[in-house]
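Participant: In the numbering used here, the protein residues as written are 2 to 368.
Starting off with a structure, shown below.
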């Protein structure tokens, strides 16, 4: 009888042992990228357990077509990862305007590429739907992935304050968007408040909600266009949503009609230990539990991990090999369906080994 019971349980035990935990990577096209380098890289990452690639080639249809075909031939899921609202060279009236009246078109905050389009502008939304639609029409593309689908950070993550020489204990006018004529007029029509006359707009909750809703409507319009083509949408989002994304970049992403969320749980940006990754993943999973959308916890990798102690800029910091287990298991125990790595080129042999051990431990534990 015991022998029979063991034989009956063996398939179940084997299935648990070999269950594939989704592992994605974020990587982008550069000047050295060719079809040959794509296949080489995809094969290497796949050998370490990677199941899908989020690849940034902008709105370049042919580059995505090339990368997606290679991914599909290898059995990898393909997410066409494309920044949404950070676009340069568009109509100057399409850009967000800060509280000082400065347009992101020619006076972006923080860094030159923060030329952020206005998600409240119907022409911007229509253009994005068209551009993403062209990518979704590529047969081998599984998901289009939205990134920078937000306003500029009205408050930066704590770890970035020193880098930019800022103390951001309040919303500063230069980073507070959008005060263009259209946004101001539409908010006044809805609320009766002329937000330009308010001494401290950050105290007006309806004004924050108005801008969160602008982003949500933009996202959901894109989702409708992509879903109509039979494809899915994923999104890279700030942690939270309530703890960070909502008040930092106006993302109430629990209200978005996307099919998978990739919260960027970059603990070093927030001066937090690796254990924090599991905590914010728990919040994320609960936030979208009503629609059963999968969470893939985004992990930021420290390439020069042996010298991490001397690194000041969190954008050159990240998880060292000894922290991989904590971040991965914390994410999975909190309910994440899998993880995503930024970036695979920053993963050292020690990182890959730690990841493989963590995934095996997760499988043995039934996560």
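For glycine and all other residues, C-beta sits at the position ideal for the given N, C-alpha and C.
Fair warning: this is a prediction, and the values are worked out from it, not measured in the lab.
Sort 82, 363, 119, 34 by Cα distance to residue 219 and report the nearest one.
Facilitator: Position 218 of the chain shown holds residue 219. It is 119.
Participant: Ignoring anything shorter than 3 residues or poking outside the segment 258-284, list the beta strand (DSSP E) runs there in chain order.
Facilitator: The qualifying runs are 261-264.
Participant: Counting only the same chain and skipping the five closest in sequence on each side, list residues whose C-beta sits under 8 Å from that of residue 54.
Facilitator: The count along the chain shown starts at 1 and reaches residue 54 at position 53. Excluding residues within five positions, the ones whose Cβ falls inside 8 Å are 25, 26, 28, 43, 46, 68, 72, 77, 78, 79, 80.
Participant: Buried or exposed for residue 272, going by 16 or more other Cβ atoms inside 10 Å?
Facilitator: Position 271 of the chain shown holds residue 272. Classification for residue 272: exposed.
Participant: Should residue 3 go down as buried or exposed, given a rule of 16 or more other Cβ atoms within 10 Å for buried?
Facilitator: Counting from 1 along the chain shown, the entry for residue 3 is found at position 2. Any answer about residue 3 is weak, because its pLDDT of 42 lies below 50 and its placement is not dependable; what the coordinates show is given next. Residue 3 comes out exposed.
Participant: With three or more C-beta pairs closer than 8 Å as the rule, is the segment 292-311 touching the segment 262-279?
Facilitator: The segment 262-279 vs the segment 292-311: in contact.
Participant: Going by beta carbon distance, what residues of the same chain come within less than 6 Å of residue 267, once the five residues before and after it are set aside?
Facilitator: Start at 1 with the first residue of the chain shown, and residue 267 comes out as number 266. Excluding sequence neighbours, residue 267 sits near 301.
Participant: How about residue 352 and residue 322: do their beta carbons lie closer than 8 Å?
Facilitator: For the purposes of this step, residue 352 is taken as the residue at position 351 of the chain shown. For the purposes of this step, residue 322 is taken as the residue at position 321 of the chain shown. It is a contact, given that the beta carbons lie within the stated cut-off.
Participant: Would you mind stating whether residue 235 and residue 278 have Cβ atoms separated by less than 8 Å?
Facilitator: On the chain shown, residue 235 is found 234 positions in, with the first residue counted as 1. On the chain shown, residue 278 is found 277 positions in, with the first residue counted as 1. No. Outside cutoff.
Participant: From residue 255 to residue 148, what does the alpha carbon distance come to, in whole angstroms?
Facilitator: In the chain shown, counting from the first residue as 1, residue 255 sits at position 254. In the chain shown, counting from the first residue as 1, residue 148 sits at position 147. Computed Cα separation, rounded: 16 Å.
Participant: Give me the residue from 127, 99, 111, 108 with the minimum Cα distance to residue 85.
Facilitator: The residue you call residue 85 lines up with position 84 of the chain shown. Closest option to residue 85, Cα to Cα, is 127.
Participant: Going by DSSP, what residue range makes up the beta strand (DSSP E) through residue 225?
Facilitator: If you number the chain shown from 1, residue 225 lands on position 224. Per DSSP, residue 225 belongs to no beta strand (DSSP E); it is in the alpha helix (DSSP H), 206-228.
Participant: Whole-angstrom Cβ separation of residue 374 and residue 99, contact assumed at under 8 Å?
Facilitator: Any question about residue 374 goes unanswered here, given that the chain covers just 2 to 368.
Participant: Let's test the definition: count the other Cβ atoms within 10 Å of the Cβ of residue 129 and tell me whether it reaches 16, buried, or not, exposed.
Facilitator: Locating residue 129 in the chain shown gives position 128, where the first residue counts as 1. Counting Cβ neighbours within 10 Å, residue 129 comes out buried, since at least 16 surround it.
Participant: So, under 8 Å CB-CB, residue 303 and residue 253 are touching, yes? Tell me the CB distance rounded to an integer number of Å.
Facilitator: Translated into the one-based positions of the chain shown, residue 303 becomes position 302. Translated into the one-based positions of the chain shown, residue 253 becomes position 252. Wrong, their Cβ atoms sit about 31 Å apart, outside the cutoff.
Participant: If I follow the unbroken beta strand (DSSP E) through residue 80, where does it start and stop?
Facilitator: One-based indexing of the chain shown puts residue 80 at position 79. Taken as a continuous stretch (DSSP letters only), the beta strand (DSSP E) holding residue 80 covers 78-84.
Participant: Quick check: residue 58 and residue 133, are their CB atoms within less than 8 Å of each other?
Facilitator: Looking up residue 58 in the chain shown gives position 57. Looking up residue 133 in the chain shown gives position 132. No, Cβ-Cβ distance for residue 58 and residue 133 is not below 8 Å.
Participant: What do you get for residue 101, buried or exposed, if any count of 16 or more other CB atoms within 10 angstroms of its CB means buried?
Facilitator: Translated into the one-based positions of the chain shown, residue 101 becomes position 100. Counting Cβ neighbours within 10 Å, residue 101 comes out exposed, since fewer than 16 surround it.
Participant: Compute the Euclidean distance between the alpha carbons of residue 15 and residue 330, then round it to the nearest angstrom.
Facilitator: Locating residue 15 in the chain shown gives position 14, counting from the first residue. Locating residue 330 in the chain shown gives position 329, counting from the first residue. In this predicted model, residue 15 has a pLDDT of only 45, less than 50, meaning its place in the structure is not dependable; the value taken from the coordinates is given anyway. About 21 Å.
Participant: Taking a contact to mean a Cβ-Cβ separation below 8 Å, would you say residue 185 touches residue 244 in this structure?
Facilitator: Taking the chain shown and counting its residues from 1, the one referred to as residue 185 is at position 184. Taking the chain shown and counting its residues from 1, the one referred to as residue 244 is at position 243. No, the pair does not count as a contact, with Cβ atoms beyond the cut-off.
Participant: Classify residue 33 as buried or exposed, calling it buried when 16 or more other Cβ atoms lie within 10 Å of its own Cβ.
Facilitator: Start at 1 with the first residue of the chain shown, and residue 33 comes out as number 32. Looking at its Cβ environment, which holds fewer than 16 other Cβ atoms inside 10 Å, residue 33 is exposed.
Participant: Could you tell me how far apart the beta carbons of residue 172 and residue 203 are, in whole angstroms, since I believe they sit closer than 8 Å?
Facilitator: Stepping through the chain shown from its first residue, residue 172 is reached at position 171. Stepping through the chain shown from its first residue, residue 203 is reached at position 202. That belief holds up - the Cβ atoms of residue 172 and residue 203 are roughly 4 Å apart, short of 8 Å.
Participant: Taking 6 Å as the limit between beta carbons, can you name the residues of its chain near residue 240, skipping five residues before and five after?
Facilitator: Here residue 240 is taken as the residue at index 239 of the chain shown, counted from 1. So the list reads 264, 266, 281, once near-sequence residues are dropped.
Participant: Excluding sequence positions up to five away, which residues of its chain have a Cβ less than 7 Å from the Cβ of residue 107?
Facilitator: On the chain shown, position 106 is the one that residue 107 refers to. Counting only Cβ-Cβ distances below 7 Å, and skipping sequence neighbours, we find nothing.
Participant: Taking the alpha-carbon positions, what's the residue 138 to residue 195 distance?
Facilitator: Your numbering for residue 138 matches position 137 in the chain shown. Your numbering for residue 195 matches position 194 in the chain shown. Distance between the alpha carbons of residue 138 and residue 195 is about 43 Å.
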